[in-house]
Structure formats: C-alpha cells, structure tokens
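Shown next, in structure tokens, is the structure this report addresses.
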Amino acid sequence: MDEAAVELTRTSSEDGTKLTNVVTISFVCLLTQVNFVVCQLFALLTALWFRLYLHPSKARPFIRHVVATLLGFYLALFCFGWYALHFLVQSGLTYSIMVFAGLEHMHKLCFIVALGYLSFCQITRVYVFDYGMYSADFTGPMMVITQKITSLAFEIHDGETCMCVLVKMPSLLEYLSYNCNFMGILAGPTCSYNDYMAFIEGTAYQPRHLEANGTENGKYKHTEPSPKNNVISKLCTCAISLAVFLSVSKIFPVERSIDDKFMASTPFILQVLYLYLSMLATRPKYYFIWTLSDAINNAAGFGFNGYNKDGTPRWDLISNLRILDIEFATSFKMFLDNWNIQTALWLKRVCYERCPINPTAATFLLSAMWHGVYPGYYLTFLTGIGMTMAARTLRHNIKPYFLGSTTHKSVYDVITWAGTQVAICYTVVPFVLLAVGPSLKFYRSWYYCIHIACLLLVLALPVKPWHLRAKEEQPQQNSLQGGLTGDHNSHSITDNNCNQKHKAT
Numbered sequence: 001m002d003e004a005a006v007e008l009t010r011t012s013s014e015d016g017t018k019l020t021n022v023v024t025i026s027f028v029c030l031l032t033q034v035n036f037v038v039c040q041l042f043a044l045l046t047a048l049w050f051r052l053y054l055h056p057s058k059a060r061p062f063i064r065h066v067v068a069t070l071l072g073f074y075l076a077l078f079c080f081g082w083y084a085l086h087f088l089v090q091s092g093l094t095y096s097i098m099v100f101a102g103l104e105h106m107h108k109l110c111f112i113v114a115l116g117y118l119s120f121c122q123i124t125r126v127y128v129f130d131y132g133m134y135s136a137d138f139t140g141p142m143m144v145i146t147q148k149i150t151s152l153a154f155e156i157h158d159g160e161t162c163m164c165v166l167v168k169m170p171s172l173l174e175y176l177s178y179n180c181n182f183m184g185i186l187a188g189p190t191c192s193y194n195d196y197m198a199f200i201e202g203t204a205y206q207p208r209h210l211e212a213n214g215t216e217n218g219k220y221k222h223t224e225p226s227p228k229n230n231v232i233s234k235l236c237t238c239a240i241s242l243a244v245f246l247s248v249s250k251i252f253p254v255e256r257s258i259d260d261k262f263m264a265s266t267p268f269i270l271q272v273l274y275l276y277l278s279m280l281a282t283r284p285k286y287y288f289i290w291t292l293s294d295a296i297n298n299a300a301g302f303g304f305n306g307y308n309k310d311g312t313p314r315w316d317l318i319s320n321l322r323i324l325d326i327e328f329a330t331s332f333k334m335f336l337d338n339w340n341i342q343t344a345l346w347l348k349r350v351c352y353e354r355c356p357i358n359p360t361a362a363t364f365l366l367s368a369m370w371h372g373v374y375p376g377y378y379l380t381f382l383t384g385i386g387m388t389m390a391a392r393t394l395r396h397n398i399k400p401y402f403l404g405s406t407t408h409k410s411v412y413d414v415i416t417w418a419g420t421q422v423a424i425c426y427t428v429v430p431f432v433l434l435a436v437g438p439s440l441k442f443y444r445s446w447y448y449c450i451h452i453a454c455l456l457l458v459l460a461l462p463v464k465p466w467h468l469r470a471k472e473e474q475p476q477q478n479s480l481q482g483g484l485t486g487d488h489n490s491h492s493i494t495d496n497n498c499n500q501k502h503k504a505t
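full-length UniProt numbering puts the first residue of the sequence shown at 1, with every later residue one more than the last.
Given below as structure tokens:
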C-alpha cells in the first residue's frame with residue numbers, strides 16, 4: 001500500500017511538472033510572438049518617421065545608414081538578447097572574405113561561410129542547447145542575412161567578371177546597414193544591394209520610366225510617389241490574415257491528421273478535405289508576417305518598382321507573396337512562384353541558374369539546408385523534387401489537349417487547382433510536423449500514394465531536358481519583363497542573362 005502511494009505521488013509529481021513546463025513554454029512562446037509584433041509595429045512607425053524626417057533630401061546617406069543600422073541592432077537586441085551578436089559575427093566573417101579573398105573565389109567562400117555559420121547556429125539551437133524555455137528563433141533573421149550576404153557576393157563577382165550590373169564593394173557601414181537595417185532585421189525580405197543603395201541615396205525614383213519600345217514615357221510626372229495607399233492596403237491585409245489565423249488555426253490543427261482515432265473514424269475523402277482546411281488555416285500566419293514586413297519597407301520609401309500602365313505606382317519590388325495567386329494556383333510551379341518570392345529569386349540566382357547538373361534537385365536541397373536542420377524540412381523538399389518533376393511532366397504532356405476551347409480550359413483549371421492544393425498539402429505536412437516519426441506516419445496513412453504517382457509519371461511520360469526548356473523560356477521571360485515599366489526590371493534581365501552565360505561560376 002505504501003509503495004502504491006509512493007508511486008502515485010511520484011506519477012502525480014511528474015505529471016504536474018510536465019504540465020508546468022507546457023504552460024511555461026506556451027507563455028514564453030506567446031510572449032515572444034507579442035514581442036515580435038510590438039517590434040514590427042515600432043518599426044512601422046519608425047519607418048514613417050524615417051521617410052519624413054530623414055528623407056534623402058534632408059539627410060546624407062551616411063546619416064541614413066547609421067540610423068537604419070542602429071535601430072536594427074536595437075530591435076535585434078530587444079527580441080533576441082545577446083544572441084543578436086551572431087548577426088555581427090556572420091556579417092564580419094563574410095565581409096573579411098570580401099575584402100581579402102580574390103575575386104575569382106570570393107562569392108563561393110562567402111556562400112560556404114554564410115550558409116555554414118547559419119547551419120552551425122541552427123544545429124546548436126535545436127540539438128545542443130535546451131531551448132525548451134527559449135522559443136525566440138534568432139536564426140530566422142540570420143536566414144535573411146545569409147541571403148543578402150550571398151546575393152551581394154555573387155552580384156560583386158558577376159559585375160566584375162560577367163559585365164553585368166556593376167555592384168561596387170560596400171563600406172563596412174553600408175554592408176551592416178544592408179544586412180541589419182531596422183526595416184528587415186526581423187522578417188526580411190531580402191533585396192538587391194543596388195536597390196537598397198538606391199533607396200538610401202534617394203535615386204530610386206530618378207530613372208526615367210520607359211515604354212515597352214524604349215521611348216521616354218512623358219505621360220506621367222516623374223515625381224516621388226507616395227506609398228500611403230499601398231501601406232494602408234497591406235496593413236488591412238495583415239489585420240484580416242491575423243484574425244483568420246487566430247480564429248481558425250486552433251479549429252483545424254495539422255496534428256489531427258495523424259491522430260489514430262481521427263484516421264480510423266473519418267472517411268479518406270474527408271481526411272483530404274480536413275488536410276486542405278488545416279493548411280489553409282496555417283498560411284495566414286505567413287501572410288501576416290511577410291505583408292507587414294513589406295508594409296514597413298514601403299512606409300520607409302523602399303519598394304518602389306515603377307508604374308503600372310494606368311499610371312499608378314507599383315510598390316512590389318520586394319514583395320514576398322501574392323495571396324490570390326497562391327490560393328488559386330493551378331500548378332505546383334505557380335504556387336511556388338508566388339510563395340516566398342524573394343527567397344525563390346535568391347535560390348534561382350545563386351543555385352538554379354548556376355548549377356550544371358540537375359538544378360531542380362540542387363535548388364530544393366539548398367532550400368532545405370537554408371531552412372534549418374529539422375528532418376521535416378528535408379522530407380518536404382525531397383518530396384518537392386518529385387512533385388516538381390511530375391507536375392512539369394504532366395503539364396507538358398496533358399495541357400495541350402485542353403487548350404482547344406474555353407470550356408476545356410476551365411475544366412483543366414478546376415482539376416489542376418484541386419490537384420495542386422492536394423499536392424501542396426501532402427508535401428508540406430512534414431514541414432509543419434518537423435519530426436520524422438509523425439511525418440512518416442502521415443505518409444504511411446496515405447500509403448505513399450502521391451510519391452508513387454509522381455514516380456510513375458516521371459518514368460512513363462516524356463519531358464524535355466531542363467537546358468532545352470531554359471532556352472525556350474528565356475526569350476519569353478525577357479519579353480514579359482521588357483514590357484514592364486521601370487528600370488529595376490531591366491536590371492533583373494541583365495542579371496539573368498549573365499547567370500545563363502556563366503552557369504559554372
């Protein structure tokens with residue numbers, strides 16, 4: 001009887017400790033999220049002040065660099081404490097390489113060191129130290145800094161060796177300002193160094209806006225446009241996204257998809273529907289974070305991208321997503337092209353356009369490494385390789401049969417939308433669950449059916465090699481980009497041509 005009482009007491013004590021830990025961790029997580037939102041709102045107000053009182057016409061670039069950098073470090077210290085020093089260490093190591101390494105290999109060394117240091121921090125955070133009581137992920141900002149460091153290194157290398165858009169070697173202050181400014185220190189997005197310097201120096205609005213045929217567009221006055229309407233619109237999007245996430249995400253947790261009781265009692269078609277709803281409820285969190293970050297940059301005057309044909313200003317230079325194109329995507333590629341846009345462009349520039357062998361697989365593997373060390377990330381991106389190849393194969397072989405009439409095209413769009421949503425949900429589940437066991441349990445519950453279908457499609461249907469597709473797509477991309485007004489697009493064309501010319505660099 002005494003032993004039973006002791007065992008009961010011990011069990012109750014363990015359960016109480018676990019409950020206390022769960023409550024504490026939940027509280028710390030909530031506090032971290034509140035800190036993030038408060039800091040971003042502070043950055044938004046600061047961005048308005050920065051644009052009005054430190055406008056390029058009122059303050060020298062040196063002052064703008066100093067203020068943007070100091071405010072960025074303040075926000076980093078407030079959110080992450082002394083872990084923010086990793087931002088300086090990573091930036092300092094790679095800047096030393098840029099200064100002292102030869103131009104021929106500088107970009108490769110910066111890539112290895114920046115990504116290696118990021119991976120080191122991710123490994124120690126997840127597997128070495130006990131971060132159960134500390135949920136603020138300081139490696140999130142380091143992911144964006146890694147993108148900026150490697151982008152700049154490749155831009156400098158390409159500008160000197162490929163006769164592309166020239167990027168001069170930045171001073172240490174310019175480098176830190178680019179990496180750690182208050183507008184993007186917490187959530188990005190990444191951007192081109194030339195674009196950032198044009199914003200700081202006040203030259204982003206100066207290039208003449210050209211018509212598609214190259215003649216000067218005299219229809220619109222070349223005055224500095226106001227971002228007010230765009231900022232208000234994006235803040236409304238943030239409010240709606242946050243409200244949807246807070247109200248719906250708890251109703252449709254992804255973890256329920258692998259619950260034994262749920263799987264045993266729910267018909268498969270309803271499991272598919274539930275999976276779609278759970279992923280639909282997860283995405284507004286990212287819509288909120290990225291749209292708010294975009295609004296902060298726009299409020300500071302950064303993000304102007306020329307004018308639309310009707311004369312309205314475009315503030316999408318560094319936008320990270322297009323929500324409607326994501327939710328109504330009719331292909332795997334369309335979804336990826338509109339999700340985390342700046343990261344997709346970074347992967348394209350530093351990997352896809354330079355990798356001589358199987359660039360699709362290399363790009364997905366780099367994306368997995370960049371995201372972190374959780375096994376779920378690798379399961380997602382390895383699955384994504386097969387999904388991309390199968391979707392490309394299916395599209396090239398099946399789509400031409402549905403282009404004969406509007407009705408056929410509509411039927412094709414409906415079917416491919418449903419297929420794309422199921423494929424995306426199936427692929428992304430491990431990204432959300434993170435661990436191997438739950439992820440494989442989910443795939444087993446589906447009998448790996450989509451994995452098998454992708455393999456059969458790739459093996460059974462013909463598809464053109466990637467280098468032939470690239471040659472066919474390049475003139476179309478240049479034609480589409482050339483039709484947009486604004487000089488930023490011509491820069492991207494030049495960079496793209498340069499990368500195509502030097503895929504081995």
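Backbone N, C-alpha and C define an ideal beta-carbon position, used for all residues, glycine too.
Secondary structure note for A299: its alpha helix (DSSP H) is the uninterrupted segment F268 to A299. Per DSSP, the unbroken alpha helix (DSSP H) holding Y178 starts and ends at L172 to C180.
DSSP places P189 outside both helix and strand once states are collapsed to three, so it counts as coil.
DSSP places Y307 within a strand segment (E or B) once states are collapsed to three. When secondary structure is reduced to three states using DSSP, P356 falls in the coil class, being assigned neither helix nor strand. In the DSSP assignment, A114 falls within the unbroken alpha helix (DSSP H) covering L103 to I123.
Put simply, of M389, I97 and S445 the residue whose alpha carbon is nearest the alpha carbon of P267 is S445. Along the segment 309–369, the alpha helix (DSSP H) occurs as fully enclosed runs of 4 or more residues at 323–327, 332–338 and 341–347, listed in sequence order. By the Cβ neighbour-count rule, S265 is exposed, with fewer than 16 other Cβ atoms within 10 Å of its own. A direct Cα-Cα distance of roughly 8 Å separates S319 from P189. The segment 86–100 makes contact with the segment 169–177, as at least three CB pairs between them are under 8 Å. K399 and D337 have their C-alpha atoms some 19 Å from each other. If you ignore the 5 residues before and after L75, its C-beta comes within less than 8 Å of the C-beta of C39, F42, A43, F182, I185 and L186, all in its own chain and listed in chain order. By the Cβ-count criterion, V89 is exposed, with fewer than 16 other Cβ atoms from all chains shown falling within 10 Å of its own Cβ.
In the structure shown, T203 adopts coil according to DSSP, grouped into three states. Ranked by how close their Cα comes to the Cα of L152, the residues Y193, Y127 and I145 have Y193 in first place. A distance of 8 Å or more separates the beta carbons of M389 and V436. The beta carbon of R256 is closer than 6 Å to those of F262 in its chain, skipping five residues each way along the sequence. In this structure, Y287 lies away from L324, with their beta-carbon atoms at least 8 Å apart. The Cβ atoms of F304 and T420 do not sit closer than 8 Å to each other. The C-beta separation of L317 from D195 comes to about 6 Å, placing the pair in contact by the 8 Å criterion. The segment 239–248 makes contact with the segment 273–284: 3 or more CB pairs, one atom from each, lie closer than 8 Å. Rounded to whole angstroms, the separation of the alpha carbons of E327 and I251 is 20 Å. DSSP, reduced to helix, strand and coil, places K441 within a helical segment of the structure shown.
Taking every protein chain shown into account, the CB of P430 has 16 or more other CB atoms within 10 angstroms, so this residue is buried. In the three-state reduction of the DSSP assignment, S405 falls in the coil class, being assigned neither a helical nor a strand state. Around the CB of V231, 16 or more other CB atoms lie within 10 Å, so the residue is classed as buried. Contact check for A344 against C355 fails: the beta carbons are separated by 8 Å or more.
Rounded to whole angstroms, F87 and I385 show a C-alpha spacing of 31 Å. Contact between H105 and S177 fails: their C-beta atoms lie close to 26 Å from each other, not under 8 Å. The beta-carbon separation of V373 and Q122, rounded to 5 Å, stays under the 8 Å limit for a contact. With respect to Y276, C180 sits apart: the two C-beta atoms are not nearer than 8 Å. Per DSSP, S249 is not a residue of any alpha helix (DSSP H), being assigned neither H nor E.
Residue state for E155 is assigned as helix, using DSSP reduced to three classes. By the neighbour-count criterion, in which 16 or more other beta carbons inside 10 Å mark a residue as buried, F302 falls on the buried side.
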